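Visitor:
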Amino acid sequence: MTAKGISAERVIVAFAAVLALDSADLTTLGAVATHVEPAFGIDHTELGLLATVTALVGAVGTLPAGVLADRLTRTRLLGVSILLWSVAMVATALAPTYGFMLCSRVALGAVTATAGPALASLVGDYFVPGERARVYGYILSGELVGTGLGFVVSGLIADFASWRLSFGWLAIFGLVVAWLVGRRTPEPARDGSSRLSTSAKGEEPAQIEGAKRLAAERGIPPNPGQVLRSDARRLSFGRTALYVLRIRTNVILIVAGAVGYFFFAGLRTFGLIFARGQLGAGQTATIAVLFVAGMGSLIGVVASGRIADGLLKRGRLNARIVVGAAALCLAPLLVAPALFVGTVVLAVPIWALLAAALAAPNPPLDAGRLDIVPAAIWGRAEAIRSAAKALLQAAAPLVFGAVAVWLGNAGRIPSNSGGHISPAVVSGLRDAFLLMLIPLFASGAIVWLARRTYRRDVATAMASDEAQRRLGARPRGRTRSLSRPWRRPPSPERAHR
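Okay, so the sequence shown: first residue is 193 according to this note's numbering, each after it adds one.
1. Please report the Cβ distance between Tyr290 and Glu238, rounded to the nearest whole angstrom; I am assuming they are in contact, meaning their Cβ atoms lie under 8 angstroms.
2. Report back the beta-carbon spacing between Val565 and Ile439 to the nearest angstrom; my notes put them in contact at under 8 angstroms.
3. Contact between the segment 240 to 250 and the segment 315 to 332: three or more CB pairs below 8 angstroms?
4. Would the beta-carbon of Ala448 fall within 8 angstroms of that of Val650?
5. Check each candidate in Phe454, Thr377 and Val252 and name the one with the smallest Cα separation from Glu201.
6. The alpha helix (DSSP H) spanning Thr645 covers which residue range?
7. Three-state secondary structure (DSSP) at Leu427?
8. Between Leu314, Gly402, Ser199 and His236, which has its C-alpha nearest Ala568's C-alpha?
9. Flag this pair as yes or no: are the beta carbons of His227 and Trp361 separated by less than 8 angstroms?
10. Which term fits Val249, buried or exposed, when burial requires 16 or more other beta carbons within 10 angstroms of its beta carbon?
11. With DSSP collapsed to three states, give me the class of Leu388.
12. So Thr476 and Phe359 are supposed to be a Cβ contact under 8 angstroms. How far apart are they, rounded?
13. Closest by CA to Leu255, which one among Ala582, Asn554 and Leu627?
14. One question on the structure: do Leu372 and Ala206 come within less than 8 angstroms of each other, judged by their Cβ atoms?
15. Please determine, among Gly253, Ala307 and Asn442, the residue with the shortest C-alpha to C-alpha distance to Arg268.
16. What are the residues that DSSP puts in a beta bridge with Phe319?
17. Can you tell me whether Ala575 is buried or exposed, with buried defined as 16 or more other CB within 10 angstroms of its CB?
18. Distance, Cα to Cα, Ser199 vs Leu388?
19. Compute the Euclidean distance between the alpha carbons of Asp657 and Ala212, then round it to the nearest angstrom.
20. Contact defined as beta carbons within less than 8 angstroms: I believe Arg468 pairs with Leu531. What is the distance between those atoms, to the nearest angstrom?
21. Applying the criterion that 16 or more other CB atoms from any shown protein chain within 10 Å of the CB defines a buried residue, is Thr194 buried or exposed?
22. Tell me, please, whether the segment 518 to 534 touches the segment 292 to 307 by the rule of three or more beta-carbon pairs shorter than 8 angstroms.
23. Whole alpha helix (DSSP H) runs in the segment 499 to 547 with 4 or more residues, listed along the chain?
24. For the alpha helix (DSSP H) containing Gly342, name the first residue and the last one.
25. Assuming Gly347 and Ile479 form a contact by the criterion Cβ under 8 angstroms, report the distance between their Cβ atoms to the nearest whole angstrom.
26. Counting only the same chain and skipping the five closest in sequence on each side, list residues whose C-beta sits under 7 angstroms from that of Arg266.
27. Suppose the cutoff is 7 angstroms on Cβ atoms and the five residues either side in sequence are ignored; what does the same chain contact list for Val493 look like?
28. Assign Ser578 to one of two classes, buried (16 or more other C-beta atoms within 10 Å of its C-beta) or exposed (fewer than that).
29. What is the C-beta distance between Ala223 and Phe343, in whole angstroms, given that I count them as a contact (C-beta under 8 angstroms)?
30. Around the C-beta of Asp501, are 16 or more other C-beta atoms found within 10 angstroms, so that it is buried, or is it exposed?
31. What is the DSSP secondary structure of Ile564, reduced to helix, strand or coil?
32. Could you check the C-alpha separation between Ala261 and Leu599 for me, to the nearest Å?
33. With a CB to CB cut of under 6 angstroms and the five nearest residues on each side skipped, what residues in its chain are close to Ser278?
34. Alpha carbon to alpha carbon, what distance is there between Ile613 and Arg382?
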């Protein structure tokens, strides 16, 4: 099956389903925390370790997954990994002990490892550059829908049936997604010839060209020492990693994402426990409140993607960086009131605004990363970014849980509590969230630095793409040496000497 004739909407739904699956698993862990902790006699620290193990495995597996994404059929690679993920989810649901459950989480890193490199590469080949932030907004909405499914469906199943069934239904969901992606979504051409557009008919192609067109029109010069002049297909993984980590904007975004994840990790893993204690409500009522408030995140990802692409069409070359940084700086200002509100009437609008601000940076920044990396190494570049970020953030759930236990001096939910969240647990989690505002503020400040480097990195990626096209027309034996693939070619005078 080829990519010809497939609709953009169908591709977006398939990719969104992949992210929904992974997100539903992570939020399910938080949604069933009040059942799992008493069942195995564990505290917040050990619960956080379950998420940490998945992240660590995903970090290690991302590196080979990136190589495979640049060389194999990406949709089939995703389908197989999701199928294996479903098998591991069954093992999680049947875990007789905490140790067994911890081991089963190892295999769940498969989707995390494969999804990042494969989806980034597929989005680049499927959609035109000027619409990628908007498209990423739609795709990332799947992650938010998965978060809602994890909280609502898994939480209700745990409350009225069994926490084991909360993981079991995800295995069935995984089988459906594996079929949708692996069998029903065609592989796009890597030369961009099968790209799709979500724009209205009749829109001028120049309007959707993206950041690289603006860089060319304004004569922004590339960094000659960074232009990828050798055949990327033959570039070793080590050389690719070195090249990717020389892209300054990419390094800034990696560091910012890793720093800010401490807050997101706590929110995803312990958000439901905190909300229940803060509102003094039961599991079902709290899930309903979080679900309604979570709709704000859908608005955030869709709106930020459209705003960034709209500004780009109006000539703002730095639009994707500016929109992402602004959202990151806004989010911490909404955290404090969200942590102290104690009534449902006030909680819903404040939490909705916070959810929108926390989700908004992702679409423009994800699209911006494709602008600054040569297309031939999208898969490996995303793998390196994901692995570096995951290694830095893998400890976040564990650290957050340990900090909450230490600050609250009571991080364990007793087996005879009936699901009641004590004030000490709520206080510890609130103090941990407040402490994690420091790295969240730092994350936004770091992204602002990318405004100085983004323009030239876009121009350099464009020059690298052109060099790769020229090399593609040559016989294989005539490619340049791989010892320093981005090295500037010698001048005629130096070559003569």
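By construction, the Cβ of each residue, glycine as well, lies at the ideal position given by its N, Cα and C atoms. The structure displayed is predicted, hence computed values, not measured ones.
Guide: By the coordinates alone:
1. Here residue 290 refers to the residue found at position 98 of the sequence shown. Here residue 238 refers to the residue found at position 46 of the sequence shown. Distance from Tyr290 to Glu238 at the Cβ level is roughly 7 angstroms; contact confirmed, criterion being Cβ atoms closer than 8 angstroms.
2. As a working note, residue 565 is residue 373 in the sequence shown. As a working note, residue 439 is residue 247 in the sequence shown. Cβ-Cβ separation between Val565 and Ile439: approximately 7 angstroms, consistent with a contact (criterion under 8 angstroms).
3. These segments do not touch.
4. Within the sequence shown, the letter at position 256 stands for residue 448. Within the sequence shown, the letter at position 458 stands for residue 650. Not in contact: Ala448 and Val650 (Cβ atoms no closer than 8 angstroms).
5. Here residue 201 corresponds to residue number 9 of the sequence shown, with the count starting at 1. Nearest of Phe454, Thr377 and Val252 to Glu201, Cα basis: Thr377.
6. Here residue 645 is taken as the residue at index 453 of the sequence shown, counted from 1. Unbroken run through Thr645: none, as it is neither H nor E.
7. Counting from 1 along the sequence shown, the entry for residue 427 is found at position 235. Of the three classes helix, strand and coil, the one that applies to Leu427 here is coil, per DSSP.
8. Locating residue 568 in the sequence shown gives position 376, where the first residue counts as 1. Comparing alpha carbon positions, the residue from Leu314, Gly402, Ser199 and His236 closest to Ala568 is Leu314.
9. Numbered from its first residue, the sequence shown carries residue 227 at position 35. Numbered from its first residue, the sequence shown carries residue 361 at position 169. Cβ distance not < 8 angstroms, so His227 and Trp361 don't count as in contact.
10. Within the sequence shown, the letter at position 57 stands for residue 249. With at least 16 other beta carbons inside 10 angstroms of its own, Val249 counts as buried.
11. The residue labelled residue 388 in the question sits at position 196 within the sequence shown. Leu388 falls in the strand class under three-state DSSP.
12. The residue given as residue 476 occupies position 284 in the sequence shown. The residue given as residue 359 occupies position 167 in the sequence shown. Rounded, the Cβ-Cβ distance is 19 angstroms, inconsistent with contact.
13. Taking the first residue of the sequence shown as 1, we reach residue 255 at position 63. Closest option to Leu255, Cα to Cα, is Ala582.
14. The count along the sequence shown starts at 1 and reaches residue 372 at position 180. The count along the sequence shown starts at 1 and reaches residue 206 at position 14. Yes, these two residues count as a Cβ contact at 8 angstroms.
15. Indexing the sequence shown from 1 puts residue 268 at position 76. It is Ala307.
16. Against the sequence shown, residue 319 aligns to sequence position 127. DSSP lists Leu388 as partners of Phe319.
17. Residue 575 sits at position 383 when you count from the first residue of the sequence shown. The residue in question, Ala575, is buried, as its Cβ has 16 or more Cβ neighbours within 10 Å.
18. Position 7 of the sequence shown, counted from the start, is the residue given in the question as residue 199. Position 196 of the sequence shown, counted from the start, is the residue given in the question as residue 388. Straight-line Cα distance between these residues: approximately 8 angstroms.
19. Locating residue 657 in the sequence shown gives position 465, counting from the first residue. Locating residue 212 in the sequence shown gives position 20, counting from the first residue. Rounded to the nearest angstrom, the gap between the Cα atoms of Asp657 and Ala212 is 32 angstroms.
20. To locate residue 468, count along the sequence shown from 1; it is residue 276. To locate residue 531, count along the sequence shown from 1; it is residue 339. No, Arg468 and Leu531 are not in contact; Cβ-Cβ is about 14 angstroms, not under 8 angstroms.
21. The sequence position of residue 194 within the sequence shown is 2, counting from 1. Summary for Thr194: the model assigns pLDDT 46, below 50, so the residue's position carries little reliability; its value from the coordinates is reported in the next sentence. The residue is exposed, with fewer than 16 neighbouring Cβ atoms inside 10 Å.
22. Not touching, per the Cβ criterion.
23. Counting whole runs of 4 or more residues, the segment 499 to 547 contains the alpha helix (DSSP H) stretches 511 to 532.
24. If you number the sequence shown from 1, residue 342 lands on position 150. Per DSSP, Gly342 belongs to no alpha helix (DSSP H) and is neither H nor E.
25. For this step, residue 347 is matched to residue 155 along the sequence shown. For this step, residue 479 is matched to residue 287 along the sequence shown. Contact holds; Cβ gap of about 5 angstroms.
26. Taking the sequence shown and counting its residues from 1, one reaches residue 266 at position 74. The answer, listed in chain order, is Ala310, Ser313, Leu314 and Glu379.
27. As a position in the sequence shown, residue 493 is number 301, starting the count at 1. If you ignore the 5 residues before and after Val493, its C-beta comes within less than 7 angstroms of the C-beta of Gly329, Leu332, Ser333, Leu336, Ala551, Ala552, Asn554 and Pro555, all in its own chain and listed in chain order.
28. Position 386 of the sequence shown, counting from 1, holds the residue named residue 578. With a 10 Å radius around the Cβ and a threshold of 16 neighbouring Cβ atoms, Ser578 comes out buried.
29. Residue mapping note: residue 223 aligns to position 31 of the sequence shown, counting from 1. Residue mapping note: residue 343 aligns to position 151 of the sequence shown, counting from 1. In this structure Ala223 is in contact with Phe343, their Cβ atoms being roughly 5 angstroms apart against a cut-off of 8 angstroms.
30. Residue 501 sits at position 309 when you count from the first residue of the sequence shown. So Asp501 counts as buried.
31. Here residue 564 is taken as the residue at index 372 of the sequence shown, counted from 1. In the three-state scheme derived from DSSP, where H, G and I count as helix and E and B as strand, Ile564 is classed as helix.
32. As a working note, residue 261 is residue 69 in the sequence shown. As a working note, residue 599 is residue 407 in the sequence shown. Looking at the two C-alpha atoms, the distance is approximately 43 angstroms.
33. Along the sequence shown, one-based indexing puts residue 278 at 86. For Ser278, where only same-chain residues beyond five positions count, the Cβ hits under 6 angstroms are Ala363, Gly366 and Leu367.
34. The residue you call residue 382 lines up with position 190 of the sequence shown. The residue you call residue 613 lines up with position 421 of the sequence shown. Cα to Cα, Arg382 sits roughly 52 angstroms from Ile613.
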